[in-house]
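Please read the structure below before turning to the comments.
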Amino acid sequence: MKYLQRKQLFDTLGQGPFRDVSAAVGGGLLIEKSSRGAAFADVDNDGDIDVLVINMNDRPTLLRNDTDASNNWIALKLAGKVRNRDAIGARVFLEDESSVQVAEVRSGGSYLSHNDMRVHFGLGRRATVPPVRVRWPDGAVERFDGLTANGIHVIRQGQGRPALPDAR
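For what it's worth, the working numbering labels the leading residue of the sequence shown as 6, then goes sequentially.
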């Protein structure tokens, strides 16, 4: 086994298997390094997730995701109340008539890394954002309406409308 290795990127083929697309993507994925950790964040605030790879005894490698920007997205930075201002553990639900997306505010990441604590949702071709429901760590549930697509919003606990919790 080699000490220095290329990174690997896999694409889903739908219902099950994945395909290695590392060579097709190229760039920083093909550089052989001793990589240990990875942090995921929208570094350039363009709606797609970028990756910062931590390399042993070397500079980190930034893998910018510059894919087709024809789909819509929304990112949310949650601000909790007094004791948990980062809202760690909050669950965010984006639900419309055909699907439910769920994200949780988490701290940490992998070895020597810390992921972006904002939650990101892909909206596909939808230009409008469905109501956002947040279940805060203290159990309170709020609904936030009227958010716009393709931007980053700060959601503050206590500024939404009360909402009934869901069984999820």
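Just so it is clear, CB atoms sit at the ideal spot from N, CA and C, and this is done for glycine as well.
Computed from a predicted structure; not experimentally measured.
Residue i versus residue j: straight-line alpha-carbon distance, rounded
i, j, result
"G31", "S75", "22 angstroms"
"V105", "L99", "6 angstroms"
"G85", "A44", "23 angstroms"
"D53", "K7", "32 angstroms"
"Q13", "D73", "21 angstroms"
"L9", "V48", "26 angstroms"
"F23", "D63", "30 angstroms"
"L81", "G19", "27 angstroms"
"R161", "L83", "6 angstroms"
"I93", "G21", "31 angstroms"
"G33", "R130", "30 angstroms"
"V107", "R88", "23 angstroms"
Residue burial classification, residue i (beta-carbon count within 10 angstroms, cutoff 16)
i, result
"L68", "buried"
"N77", "buried"
"F15", "exposed"
"V56", "buried"
Residue nearest to residue i in terms of C-alpha spacing, selected from the options
i, options, result
"T17", "Q10, R11, S27", "S27"
"E37", "N60, L117, L152", "N60"
"L117", "N70, A29, G21, G42", "G42"
"A145", "V159, R166, G151, G21", "R166"
"R11", "N70, E109, V58", "V58"
"L169", "P136, G33, G114, A92", "P136"
"S40", "S115, G151, V107", "S115"
"E102", "D91, V134, V124", "V134"
Cutoff 7 angstroms; reference residue i; Cβ partners in own chain excluding five residues on either side
i, result
"G163", "K86"
Close Cβ partners of residue i (< 8 angstroms) along its chain, the five nearest in sequence each way excluded
i, result
"A132", "N77, A154"
Q: Take every Cβ of the stretch 90 to 99, pair it with every Cβ of the stretch 120 to 140, and state whether three or more of those distances are shorter than 8 angstroms.
A: yes
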